[in-house]
Amino acid sequence: MRLSVWRIKYTQRSCSFLRSFHRSFAAAAAAGDDGKGCGPGVSLSDLRRAPACSGPLPALKPTDSHTVLIRTDLLRPGKAPEPHPSPDQLQDRWDDTHVKLPCSEHNLFPTDRTDAILKYNMGQAKGWNFTALDSYYKVFSCVCVDEEAVFMSLCVQPIPLLRTQRCRSITLSQEQVSCLLANAFFCTFPQRNSHQTEFSNYPDINFSRLFEGSSQTKQEKLKTLLCYFRRVTQQRPTGLITYTRQCLQRLPSWSSSEKQFGKLHISCEGSIEDQGYGMLQVDFANRFVGGGVTGSGLVQEEIRFLINPELIVARLFTEALNDNECLIVTGAEQFSRYSGYSDSFRWEGDHDDQTPRDEWQRRCTEIVAIDALHYSQFLEQFRPENMSRELNKAFCGFVRPGVQPENLSAVATGNWGCGAFGGDKRLKAVLQMMAAAEAERDLMYFTFGDADLVKDVLHIHKLISDTHATVGSVFRLLLQYYECVCKKTTRSRPQKTLYSFLSDLTFETTSSAQPQKQTGSVITSSRVPARCSLHAVFASFSSTISFKSIKLMVWI
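Under UniProt numbering, the first residue of the sequence shown is numbered 1, with each subsequent residue one higher.
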C-alpha cells in the first residue's frame with residue numbers, strides 16, 4: 001500500500017473547512033448509529049423544472065445541422081403543422097446519408113424479389129419469366145395507394161440519418177411521426193429486415209419481430225401501440241418533436257474537476273416519467289436505442305418507448321451510440337398508462353398528457369438515451385477506464401453546451417445500467433451525482449422500491465456536500481477504492497463495500513519512533529492516535545484549530 005503526505009497550510013478558510021467537516025460527521029453520528037437517519041434530501045420544490053426554468057428558445061429554422069420538416073412560418077398553437085416543402089415539391093433521396101423511404105421511386109421491390117429468386121436458381125436466369133409476379137405487385141400496390149398518398153403528402157423532404165460522431169437534429173411534426181410509425185408497423189421500410197445491409201449498425205424499425213409468437217407480453221405491447229394509433233387517427237396531433245444526436249469531442253478531466261455537488265432528492269416511490277415531469281428524464285438505453293422494443297424486450301427503456309411511441313421513430317435514423325454520444329428527444333407525448341415490469345407489464349389504458357408546450361410547440365418533456373456498459377463480472381465496473389467511460393456517457397447526456405445553469409432542469413434518473421447489465425446501484429448513484437455536478441444540474445433519483453439504497457445514497461451525498469468535496473476529490477477516492485480494495489480481493493465481490501470505504505476513511509499521522517514535541521501552534525502526533533477514524537481526527541483538532549500546518553499520512 002502506497003503512502004502519500006498531505007500538507008494543509010493554515011488559512012482562515014482551511015480552519016473553517018475543518019470545523020465544518022467535524023460538525024458534519026458529528027451531526028451524522030447524532031442522527032443515528034448508522035449515520036443514515038435523514039430525510040429524502042432537498043424538497044422537490046427546490047429542484048428546477050421546465051418550462052419554469054427554461055430560457056427563451058431561438059427562432060425555429062433549418063440549419064446545416066438541424067433539419068426541420070415543417071413550415072415554421074405557419075406554426076401555430078393547436079394547429080397541425082404543414083410539411084416543408086409543399087407536397088408538389090417532393091424530394092427523393094436514395095443514398096447512404098438519408099432514410100430510404102418506402103414511397104421512393106428507387107424502392108423497386110419486385111426487382112429485389114426477382115433477384116432473390118434467381119440467386120438460388122442461377123441456371124434459370126435467362127429462361128424464367130416474372131410477368132405474373134410483377135402484375136401481382138402492381139395490383140397489390142393499388143390497395144395501398146391512399147396510404148402512400150398520405151405518406152408522400154407528409155414526408156416530402158429527405159430525412160437525414162443521425163450518423164455516428166456527428167451532432168445533428170431533426171424536427172418533425174407529430175403527424176409526420178405517426179405516418180412513419182404506421183409504415184414501421186406494416187414493415188414497409190426497405191433494406192431494414194436484414195443485419196447484412198448498410199443499416200446493420202442501426203436498430204430494427206420494422207415491427208416484424210413483434211408479430212412473432214403469442215406471448216402475453218407481446219400482446220400487451222400491441223395493445224399499447226394500437227392505443228397510440230387509435231388516438232392519433234381519432235384526433236390529429238398538433239405538436240413537434242426534435243431528435244438530437246449529441247457528440248462531445250472534449251470530455252472532463254475527472255481527477256482535477258473542481259465542481260461542487262448539487263442538490264439531491266431521492267425516493268423509493270414514484271417514476272421518472274410521472275414525478276420527474278419537466279426534468280431531464282433518463283432512458284436507461286441500449287446503444288441501439290429502444291433496445292428490444294420491437295422484439296421481446298420489456299424493461300425500463302422498452303416500456304418508455306411503448307408509452308411514448310414517438311420515441312420509436314428514432315430507431316429509423318439513429319446509428320448505434322458511441323461512448324461519447326447520446327440521443328436527446330424533446331416533445332414526445334405519453335399516450336398510455338401501464339403497470340408492472342418485464343413479464344408483469346400490462347397496458348392500463350389511455351393517458352392524457354397535459355405537459356405544457358414550448359415556443360416550438362413541443363411538449364416540455366426531454367428524454368435522454370444513455371447506454372451503460374454491460375458487466376459479466378462485478379469488479380470490472382470499478383476499473384478506472386470503465387468508471388471514466390460511464391462518467392463521460394452520463395455527462396454527455398446531462399450537459400447542454402451554451403445553456404446557463406439557471407436554465408437547466410434537474411435530472412430525473414435511477415438505477416441506470418443495473419439489473420441485467422450487472423451495474424452496482426451504489427457506484428452508479430455516485431457516478432451520476434458526479435456527472436450531474438459537472439454538468440451543473442441537480443438530481444432527482446428513483447430507487448424503485450429500494451429503501452436501503454435511499455438511506456445509503458443520502459448518507460454519502462450528505463458527507464460529500466457537508467465537507468464541500470469536489471468531483472475530482474471523489475473521483476480520486478473511487479480510484480483508491482479500486483487500488484486498495486478491488487484489486488486485492490480474491491472474491492467475486494469485495495468484503496468492504498464502496499460506501500463503507502468512503503465513510504470509514506482512516507488517517508495516520510507522520511509519527512516517528514521518537515516522541516515529537518508540540519511547538520507553537522503545530523499539533524504533534526501524540527495528540528492524535530495512529531489509525532484513528534476521520535471523525536476522531538477532527539474531534540482532536542477542534543479545540544486547537546489555530547495551527548499553522550498539519551501533515552497527515554493518508555492511506556491511498
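Quick reminder that beta carbons are idealized off the backbone N, C-alpha and C, glycines included.
Shown here for F382: same chain residues with a beta carbon closer than 6 angstroms to its own, the five before and five after excluded, namely Y482, C486 in chain order.
Its Cα nearest to that of Y243, the residue R315 stands out among C227, R315, I464. In this structure, A410 lies near L280, with their beta-carbon atoms less than 9 angstroms apart. Taking the C-beta atoms as reference points, K393 is found no nearer than 9 angstroms to D283. Under the Cβ criterion (8 angstroms, minimum of three pairs), the region 468-483 does not count as touching the region 295-305.
Taking D343 as reference, the option from E302, T447, F421, I460 with the minimal CA-CA separation is E302. Rounded to whole angstroms, the Cβ separation of R245 and R168 is 5 angstroms, and the two are in contact under 8 angstroms. Ranked by Cα distance from D96, the first of T197, N206, Q174 is T197.
The shortest C-alpha to C-alpha distance from Q216 to any of L47, Y341, G239, T413 is the one to Y341.
Fully contained in the region 284-341 are the following alpha helix (DSSP H) runs of length 4 or more, in chain order: 300-307, 314-317. Contact fails between the region 454-469 and the region 401-409, because fewer than three Cβ pairs, one in each stretch, are under 8 angstroms apart. The residue from E82, D353, K263 with its alpha-carbon nearest to that of D466 is K263.
Comparing C-alpha distances from D352 to each of R346, F335, E359 shows the shortest one belongs to F335. In the three-state scheme derived from DSSP, where H, G and I count as helix and E and B as strand, Q281 is classed as strand. One thing to note: V289 has its Cβ within 9 angstroms of the Cβ of T318. Boundaries of the alpha helix (DSSP H) around T233: 216-234.
Its chain contains C179 as the residues whose beta carbon lies nearer than 7 angstroms to that of V150, once the 5 sequence neighbours on both sides are disregarded; these appear in chain order. Closest by C-alpha distance to R493, out of I70, R441, A437, G423, is G423.
Linking C247 to R346 through their CA atoms gives a straight-line distance of about 36 angstroms. With respect to L69, I159 sits close: the two C-beta atoms are nearer than 9 angstroms. For W416, no pairing in a beta bridge is given by DSSP. For P83, the beta-bridge partners assigned by DSSP are I70. At a Cβ-Cβ threshold of 9 angstroms, E212 and K218 count as neighbours. Of the candidates V99, A332, L226, A332 places its Cα closest to the Cα of W360. Per DSSP, the unbroken beta strand (DSSP E) holding G349 starts and ends at 346-350. Note: S267 is bridge-paired with F446 in the DSSP secondary-structure output. For the pair H468 and Y499, the CB atoms are not nearer than the 9 angstroms cut-off.
Cβ atoms of L391 and M434 come within 8 angstroms of each other, at about 6 angstroms. In this structure S339 does not touch G472 by the C-beta definition: roughly 43 angstroms separates them, more than the 8 angstroms allowed. Taking a C-beta distance under 9 angstroms as the contact criterion, R357 and G270 do not qualify as a contact pair. In this structure, F395 is the residue among F395, P62, Q275, R71 with its C-alpha nearest to the C-alpha of A369.
Residue pairing by DSSP places R357 opposite R363 in a beta bridge. P405 carries a helical assignment under DSSP once its states are collapsed to helix, strand and coil.
Bounds of the beta strand (DSSP E) holding L172 are 168-173.
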